[in-house]
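There are 2 protein chains.
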Amino acid sequence: MKKHNYSAGPCILPQEVFEKVAQAVLNFNDSGLSILEISHRSKDFVAVMDEARALSLELLGLEGKGYQALFLQGGASMEFLRVPYNLLKENGKASYLDTGTWASGAIKEAKAFGETVVVASSKEENYNHIPKNFEVPSDADYFHCTSNNTIFGTQMKSFPTTNIPVVCDMSSDIFSRQLDFSKFDLIYAGAQKNMGPAGVTLVVVKEELLGKTGRNIPSILDYEKHIKAESMYNTPAVFAVYTSLLTMQWLKNQGGIPAIEKINEAKAKLLYDEIDRNPLFEGTAVKEDRSNMNATFLLKDESQTETFDKMWKEAGISGLPGHRSVGGYRASMYNALPLESVQVLVDVMKKLEVGS
Amino acid sequence: MKKHNYSAGPCILPQEVFEKVAQAVLNFNDSGLSILEISHRSKDFVAVMDEARALSLELLGLEGKGYQALFLQGGASMEFLRVPYNLLKENGKASYLDTGTWASGAIKEAKAFGETVVVASSKEENYNHIPKNFEVPSDADYFHCTSNNTIFGTQMKSFPTTNIPVVCDMSSDIFSRQLDFSKFDLIYAGAQKNMGPAGVTLVVVKEELLGKTGRNIPSILDYEKHIKAESMYNTPAVFAVYTSLLTMQWLKNQGGIPAIEKINEAKAKLLYDEIDRNPLFEGTAVKEDRSNMNATFLLKDESQTETFDKMWKEAGISGLPGHRSVGGYRASMYNALPLESVQVLVDVMKKLEVGS
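Protein chains in written order, with our numbering: chain V, 157 to 512; chain G, 157 to 512.
Written out as C-alpha cells, the structure is:
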C-alpha cells in the first residue's frame with residue numbers, strides 16, 4: 157500500500173530522487189563506482205558541489221547578489237554556534253526572536269558568546285503564535301529569527317525591517333514559499349525537510365558580512381574559510397550533497413518556488429479548512445500564524461484517540477503524532493508530499509466525524 | 157570492467173554494503189519507506205543507532221570498559237575543535253605529535269585555545285617518518301596523535317606510554333589492525349575510510365575524562381551532551397550511520413579486526429615487496445613507518461609517467477595519483493579493497509618493468 161509520510165523530518169523526498177540516488181549508490185554517472193566510494197575531489201563530484209551551490213542561489217533568486225552558498229555538516233544546531241562566532245563582535249550584542257524550541261536553542265548558544273537580547277518571546281503561551289510589534293535594537297550586530305517552527309506549527313508571515321543584518325534559520329520551510337530572500341543576510345537550513353537527507357546544512361551568506369568581528373574563529377567554524385575552499389574545506393557529506401542536488405533539480409523542474417508555493421498553499425488550505433470545519437478537531441496555533449509546512453491539531457475529545465489512530469494508520473498514513481511539547485497531531489506537508497496524501501488524511505478526519 | 161578503487165577517501169566499501177544500502181534507499185526494513193525519509197526518532201532508526209554504537213565498541217574490544225561511542229557530524233576536522241573544548245583546561249596545556257597535514261590541522265585548532273606543546277614533528281623531512289624518542293609532558297591535559305597519515309603514507313606502530321590521557325585521530329586506519337584500544341582515552345575517526353561514507357565521525361571516549369575543564373562548552377561541541385542524548389542531541393546523519401552499521405556488520409562477519417588485519421598485512425606486503433624489488437619504483441616513507449593503509453611511491457624516472465598512467469588506467473585501476481604534497485602515487489588499501497586488486501596493480505608494475 158502507498159504510504160502517506162507526514163514525518164516532521166527527516167521527511168518525504170520525491171520518489172524520483174529515491175530512485176536516482178539508489179542507482180547512484182550502485183553506479184554513479186556510469187563510472188562503475190558508487191557515489192559512496194568516489195573522491196570528493198573527483199571531477200564528477202566537484203561538478204555536483206558546484207551545481208548544488210549555484211542552483212540553491214538560483215532557486216532563491218540570489219545569483220549575482222554577493223551571496224555564497226555552502227553545504228556544511230552539523231545540522232542547524234551547528235549554525236547556532238557558527239552564527240555568533242562569525243557575526244557577533246567581541247563587545248557587541250546580538251538580538252533574537254524566540255518563537256520555539258529551535259529559536260531558543262540558537263539563543264542559548266549565542267548567550268555563551270556575548271550580550272544577547274531576546275526582542276520578544278511567545279514561550280509563555282507555549283509558542284502558539286509569532287510575537288508581533290517588537291523592536292529590533294539598531295545597535296545589535298544582527299537579528300536572528302526562525303521562519304518556521306516545526307514543533308509548534310507556526311510560521312513567520314512577515315519579517316521586521318531593520319538596518320542591521322537579518323539571519324534566518326529556514327530549516328523547515330526553505331524552498332517552500334516566495335520571499336524576497338535578498339532581505340536576509342544569512343540564511344541557513346538543515347537539509348532534512350525540503351532539501352535532502354539529514355547530514356548536510358545549506359548556508360547562504362552575504363559575503364560582505366564576514367570578517368568583521370575581531371574574533372579568532374576556529375577554522376572549521378569560519379564561513380570565510382569554507383567559502384575560500386568552495387565548500388570543500390574538509391571532506392563534505394558527499395551523498396547528502398548529491399541527494400540535495402537531485403531534490404533541487406526536481407524542484408526546478410516543477411517550476412521552482414513559485415510553482416511549489418501554490419501546491420503548498422492548496423495542501424495547507426485543504427487540511428486547515430477541515431480542522432476548522434470538523435467539530436471533532438481544533439488547531440493549536442493562532443490562525444494568522446499557522447504554518448503551511450506543519451499543521452498542529454488536537455482531538456477535542458481525547459477518548460477518540462485510539463479510534464482515530466487506528467483509522468489513519470489503516471489508511472497508510474505515518475508520522476502523524478505531534479511532538480511531546482504540544483501533543484495531539486502534527487501533519488508535516490513538505491514540498492514532496494502530494495496533495496493526494498492530504499486528501500487521504502482529510503477523508504479519514506471526515507470518516508471519524510461520521511462514525512462518531 | 158571491474159574497477160580497482162584505490163581512492164584515499166571517500167573510498168571503496170564492501171559491494172554487499174552498496175547493494176543493501178541501495179535497497180534501503182528504496183524500501184528500508186520492508187517499511188515501504190526510504191531510509192532517507194524516516195524519522196531519526198523512529199523505532200527502526202533508534203535500533204540502528206544503538207547497534208552502531210554498541211558494535212563499534214565491540215569491534216574495538218571496549219564494551220563494559222567505561223567508554224561511550226558517538227556518531228557525530230563535521231568530520232575529523234570538527235573533532236580538532238571538540239577535543240580542546242572538552243579536554244583542555246582553562247589554564248592547562250595540550251601536547252601534540254606532528255606527523256602530517258591532519259595532525260598539524262589539529263594542532264592549529266588547539267593553539268587557539270591554550271598552550272599547546274608540539275612534542276615532535278617530522279615536518280622538515282616532509283613527514284616521511286614518525287618521530288621517535290620524544291617526551292610527553294606529564295603535566296599536560298592530554299597527548300594527541302594521528303595513527304595513520306593518509307597523505308604521507310606513514311603509520312604509528314607504537315604509541316607512547318604516558319600517565320596523561322591519550323587522544324588519537326584514527327580516521328584512516330580505524331578497524332584495520334589490532335591494538336590495545338583501552339590504552340586510548342579518546343579515539344575519533346571520520347567514517348570515509350574503513351567505516352562508511354563521508355558525513356559521519358565516530359567518537360569513542362572514556363566517560364570519566366569529561367566535565368573537568370571548567371570551560372563553558374557550546375552545546376553542539378559538548379561530548380557529555382551528545383552522550384546524554386545517546387548520540388541524538390540533534391538530527392544525526394541517518395544514512396551515513398546506517399551505512400556505517402552495515403560496514404561494521406560486514407567486518408564482524410569477516411572475523412572482525414584480527415581477520416581483516418591479516419588480509420591488510422598481506423595486501424601491504426604484496427605491494428611494498430614489489431615497490432622494493434622493482435627497479436623502476438621507490439617508496440617515499442621510511443620503511444619502518446610505512447602505512448598498511450596508504451602506500452606512497454614514485455617512479456624513479458618521471459618520463460615513464462605517461463606510459464605507467466595509461467597502463468594502470470587500462471587495467472581498471474582508479475584513484476592512484478599521489479597527493480600534491482608528495483607527488484607520485486598513493487595506493488590506498490582500505491579494508492574493503494580485495495587482495496586481487498593489489499595483485500592487478502603489482503602486475504602492471506611488473507609489466508612496466510618488462511616493457512621498459
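Ideal Cβ placement from N, Cα and C applies to all residues, glycine included. Only a predicted model underlies this, so the values are computations on that prediction, with no experimental measurement involved.
Does the distance from the CB of residue i to the CB of residue j come in under 8 Å?
| i | j | result |
| --- | --- | --- |
| V/G475 | V/T399 | no |
| V/L192 | G/L216 | no |
| V/G370 | V/K245 | yes |
| G/I263 | G/T255 | no |
| G/N448 | G/A424 | yes |
| V/E417 | V/M505 | no |
| V/Q311 | V/D329 | yes |
| V/Q508 | V/A487 | Looking at the sequence provided, one finds Leu at residue 508 of chain V rather than Gln. Not in contact: V/L508 and V/A487 (Cβ atoms no closer than 8 Å). |
| V/L377 | V/L237 | yes |
Kindly indicate the opening and closing residues of the beta strand (DSSP E) around residue i.
| i | result |
| --- | --- |
| G/K362 | 357-362 |
| V/L342 | 342-346 |
| G/N450 | 450-455 |
| V/L253 | 249-254 |
| V/F299 | 298-302 |
| V/E438 | 437-439 |
| G/E271 | 271-277 |
Between residue i and residue j, how many whole angstroms is the CB-CB distance? I'm expecting something under 8 Å.
| i | j | result |
| --- | --- | --- |
| V/A354 | G/T357 | Going by Cβ atoms, the distance from V/A354 to G/T357 rounds to 15 Å, so no, they are not a contact pair. |
| V/L182 | V/S195 | Between V/S195 and V/L182 the Cβ distance is about 18 Å, and since that is not below 8 Å, they are no contact. |
| G/S260 | G/V292 | With 8 Å as the limit, G/S260 and G/V292 do not qualify as a contact, their Cβ atoms being about 18 Å apart. |
| G/Y298 | G/V323 | 5 Å |
| G/A208 | G/F184 | Not quite, the Cβ-Cβ distance comes to about 15 Å (not below 8 Å), so this is no contact. |
| G/F453 | G/G472 | Not a contact, Cβ separation roughly 19 Å. |
| G/S325 | G/T306 | The question names Ser, but residue 325 of chain G is Asp in the sequence shown. Their Cβ separation, rounded to whole angstroms, is 11 Å, which puts G/D325 and G/T306 out of contact at 8 Å. |
| G/L211 | G/Q405 | 7 Å |
| G/L402 | G/K176 | 5 Å |
Below 7 Å on C-beta distance, what does residue i contact in chain V?
| i | result |
| --- | --- |
| G/H196 | P166, A354 |
| G/E246 | Per Cβ cutoff of 7 Å: no residues; G/E246 is ~15 Å from chain V at best. |
| G/G231 | Q229, N390, T391 |
| G/L243 | Chain V residues near G/L243: none, gap ~15 Å exceeds 7 Å. |
| G/A178 | A178, V181, L182 |
| G/F174 | V181, L182, S190, L192 |
| G/T369 | Here the premise fails: no neighbours, minimum Cβ distance about 14 Å. |
For residue i, does the three-state DSSP call read helix, strand or coil?
| i | result |
| --- | --- |
| V/K466 | helix |
| V/L226 | strand |
| V/I383 | helix |
| G/P414 | helix |
| G/P240 | helix |
| V/R371 | coil |
| V/V323 | strand |
| V/S163 | coil |
| V/T306 | coil |
| G/I431 | helix |
| V/S497 | helix |
| G/I376 | helix |
| G/I473 | strand |
Got a sec, what are the start and stop residues for the alpha helix (DSSP H) residue i sits in?
| i | result |
| --- | --- |
| G/Y490 | Here G/Y490 belongs to no alpha helix (DSSP H), and DSSP marks it neither H nor E. |
| V/H151 | Limits of chain V in this structure are 157 at one end and 512 at the other, which puts residue 151 of chain V out of reach. |
| G/E291 | Counting along the chain, G/E291 falls outside any alpha helix (DSSP H), and DSSP gives it neither H nor E. |
| V/S338 | No alpha helix (DSSP H) contains V/S338, which DSSP labels as neither H nor E. |
| G/T257 | 257-267 |
| V/R209 | 199-215 |
| V/E172 | 171-182 |
Using a C-beta to C-beta distance shorter than 7 Å, which residues of chain G count as neighbours of residue i?
| i | result |
| --- | --- |
| V/F227 | Within chain G, no residue comes near V/F227; the closest Cβ sits about 11 Å away, beyond 7 Å. |
| V/L427 | Neighbours of V/L427 on chain G: none; closest Cβ ~19 Å, over 7 Å. |
| V/G309 | Residues of chain G passing the Cβ test: none, with the nearest at roughly 17 Å. |
Name the chain V residues that come within less than 8 Å of residue i, Cβ to Cβ?
| i | result |
| --- | --- |
| G/N161 | L189, E193 |
| G/S277 | Result: empty, since nearest Cβ-Cβ is about 19 Å, beyond 8 Å. |
| G/L169 | S190, L192, E193 |
| G/N372 | A268 |
| G/T255 | Near G/T255 there are no residues of chain V at all, since even the closest Cβ is about 18 Å away, more than 8 Å. |
So which residues on chain G does residue i lean against when the C-beta distance must stay under 9 Å?
| i | result |
| --- | --- |
| V/G346 | N390, T391 |
| V/S375 | S233, F236, L237, G261, K264, E265, A268 |
Identify the contact partners of residue i in chain G, using a Cβ-Cβ distance below 8 Å as the criterion.
| i | result |
| --- | --- |
| V/G475 | S195 |
| V/F453 | Ordered by position in chain G, no residue passes the 8 Å Cβ test against V/F453, which lies about 19 Å from the chain. |
Starting from the beta carbon of residue i, find every residue of chain V whose beta carbon is closer than 9 Å, and list them in chain order.
| i | result |
| --- | --- |
| G/V394 | P166, Q348, P353, A354, G355 |
| G/T461 | By Cβ distance, chain V contributes nothing, its closest Cβ being about 19 Å from G/T461, past 9 Å. |
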